[in-house]
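The sequence shown begins at 8 in this note's numbering and counts up one residue at a time. The structure appears below as structure tokens.
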Amino acid sequence: MAVIEVNNLTKKYGPLEALKGITFSVDEGEVFGLIGPNGAGKTTALRVLSTLLEVTSGTVTIYGYDLVKQPDKIREIISYLPEDAGTYKNMKGIEYLHFIAAFFQDERRYQMLERGVRIADLGERLDDRIDTYSKGMQRRLLVARALMIQPKLAILDELTSGLDVINAQTIRRTVKESAKEGTTVLLSSHNMLEVELMCDRIALINDGRIVATGSPKDLKAEYHAANIEDVFVEVVR
Ligand code: ATP
Numbered sequence: 008m009a010v011i012e013v014n015n016l017t018k019k020y021g022p023l024e025a026l027k028g029i030t031f032s033v034d035e036g037e038v039f040g041l042i043g044p045n046g047a048g049k050t051t052a053l054r055v056l057s058t059l060l061e062v063t064s065g066t067v068t069i070y071g072y073d074l075v076k077q078p079d080k081i082r083e084i085i086s087y088l089p090e091d092a093g094t095y096k097n098m099k100g101i102e103y104l105h106f107i108a109a110f111f112q113d114e115r116r117y118q119m120l121e122r123g124v125r126i127a128d129l130g131e132r133l134d135d136r137i138d139t140y141s142k143g144m145q146r147r148l149l150v151a152r153a154l155m156i157q158p159k160l161a162i163l164d165e166l167t168s169g170l171d172v173i174n175a176q177t178i179r180r181t182v183k184e185s186a187k188e189g190t191t192v193l194l195s196s197h198n199m200l201e202v203e204l205m206c207d208r209i210a211l212i213n214d215g216r217i218v219a220t221g222s223p224k225d226l227k228a229e230y231h232a233a234n235i236e237d238v239f240v241e242v243v244r
């Protein structure tokens with residue numbers, strides 16, 4: 008069942024048309040990736056779907072809610088992780104997770120906290136201040152923040168950008184596990200290897216347009232390519 012339906016979506020910043028009519032859908036429980044080079048429009052698309060930017064034209068529904076008419080309903084069921092997300096540096100990691108869980112006043116907050124601790128996987132370092140964390144540790148805490156609440160939809164921008172192999176792998180595994188547990192995931196990346204490892208389906212985006220959509224396996228077969236990078240080069244040629 009499709010839980011995200013994007014139809015002919017455009018987004019303009021003044022005269023610049025960053026999204027030129029994109030159409031795609033995402034099924035429940037899928038990990039779906041928007042892939043493309045710098046400036047292709049990935050962040051713009053994710054910010055529009057997260058209700059942070061206004062739609063210029065086109066329609067979007069998320070779990071049946073209309074993005075323009077029912078943004079509050081959508082905010083209740085999504086979790087958005089920006090590429091450059093920050094935390095409260097003078098808090099301890101564990102305090103930050105408590106702070107997020109405290110938004111929920113019912114029993115669920117204890118489960119969320121436990122889940123956050125597990126996802127962040129920072130061991131005793133959770134008791135240290137966040138400003139002593141490496142970039143990878145901070146990102147793991149932020150991924151924990153985004154996924155601990157078990158959102159229906161997680162929107163994750165450049166999930167592992169700038170991280171080393173170990174941190175990137177840990178985060179990818181966590182996100183895939185969350186998808187298995189019922190969170191639908193929409194992510195962006197310019198790392199073509201990452202999307203092959205993680206995504207059930209991807210949309211290749213270039214200069215504000217989706218130029219191909221499918222599973223990594225099907226796209227490689229269709230374009231007789233060894234990897235997604237080669238598919239991309241073939242499609243935009
Ligand atoms: P990157 O991988 O570099 O983050 P991206 O695929 O996420 O790129 P966007 O950040 O969505 O791409 O940018 C798409 C286009 O919109 C680019 O031409 C960019 O310069 C432009 N753009 C993005 N944000 C704004 C803004 N606030 N005002 C004006 N133009 C913008």
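No residue lacks a Cβ here, since even glycine has one placed at the ideal position from N, Cα and C.
Any residue with its Cβ nearer than 6 Å to a heavy atom of the ligand ATP should be included. What is that list in chain order? Y20, L23, A25, G43, N45, G46, A47, G48, K49, T50, T51 and H197
Is the stretch 57-72 in contact with the stretch 222-242, if contact means three or more CB pairs nearer than 8 Å? no
Check whether G100 and L129 have beta carbons under 7 Å apart: In this structure, G100 places its C-beta atom within 7 Å of the C-beta atom of L129.
Between K159, I173, Q157 and P158, which has its C-alpha nearest R147's C-alpha? Closest in C-alpha terms to R147, from the list K159, I173, Q157 and P158, comes I173.
DSSP-derived helix/strand/coil call for G169: coil
Where the beta strand (DSSP E) through V33 begins and ends: L23 to D34
So is D73 buried or exposed if we call it buried at 16+ other beta carbons inside 10 Å? exposed
Do D34 and L9 count as a contact pair if the criterion is CB distance below 7 Å? Note that residue 9 is Ala in the sequence shown, not Leu. Going by C-beta atoms, A9 is nearer than 7 Å to D34.
So what does DSSP say about T63, is it helix, strand or coil? Coil.
Give a yes or no on whether the C-beta atoms belonging to D138 and K96 are separated by under 7 Å. Yes. Within cutoff.
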